[in-house]
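Remarks on the structure that follows.
Numbering (my numbering), first residue to last: 394 to 601.
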């Protein structure tokens, strides 16, 4: 199904129309929880985003591409829904979101190896999506795209301030920007997408 459709299916199974969407590795801080309890939910078009603080292990990444990361997490399912994306799912609202006070802690990665492994795992899904859209890719663009991505994440966005972990984040962004396109050029998009889907099915079956 992809992550977007899975989350939308969960939204449809909810008891109430107002949805607070959190992943199992995300935790609201007390300020955000209190703010949500005081919200006026009379307008179904209203929606709220929240600042997300991402951690690698116990270390918060305070700079780089995650420095000003805000994600839409509170919405009414009658007026907003998850886009049917394979990866990097997001909510499509009918109105620009308001910003909630507080933040959500995102304990997504155990360590830098986990971060890079995740980027590698998402690559075939993204390649399949690009293939479905018939997106054109040129070989000569790959090194330029990779270099530009690294410079933006590590230098321009200040990832270097997070030390070696900031370097790993920039490297993961380079993988995300170049590996799916490389797979597309090599004609591996269909095969890789099928393999990734099979792995997800086997993982789901093993949990039953």
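Glycine residues also receive a C-beta, built at the ideal position from the N, C-alpha and C atoms.
Worksheet item: Looking only at C-alpha atoms, which of 413, 502, 398 sits nearest to residue 432?
Response: The shortest C-alpha separation from residue 432 is found at 413.
Discussion item. Bridge partners for residue 442 per DSSP, in chain order?
Written reply: DSSP lists 465, 492 as partners of residue 442.
Discussion item. Taking 6 Å as the limit between beta carbons, can you name the residues of its chain near residue 420, skipping five residues before and five after?
Written reply: Excluding positions up to five away in sequence, the list reads 498.
Fill in: Cβ shell of residue 480 (< 8 Å), same chain only, five flanking positions each side left out
Within the same chain, Cβ atoms closer than 8 Å to the Cβ of residue 480 are found at 395, 396, 515, 518, 519, 522, the five residues on either side in sequence being excluded.
Worksheet item: If you draw a straight line from the alpha carbon of residue 478 to that of residue 494, how long is it in whole angstroms?
Response: When rounded, the separation of the alpha-carbon atoms in residue 478 and residue 494 is 28 Å.
Worksheet item: Bridge partners of residue 358, per DSSP?
Response: One cannot answer for residue 358 here, as it falls past the ends of the chain, which runs 394 to 601.
Worksheet item: Hey, would you say residue 409 sits closer than 8 Å to residue 559, going by beta carbons?
Response: Contact: no.
Worksheet item: Who are residue 484's beta bridge partners in DSSP?
Response: Answer is 475, bridged to residue 484.
Worksheet entry | Under the three-state DSSP convention, the category residue 498 falls into | Under the three-state reduction of DSSP output, residue 498 falls in the strand class.
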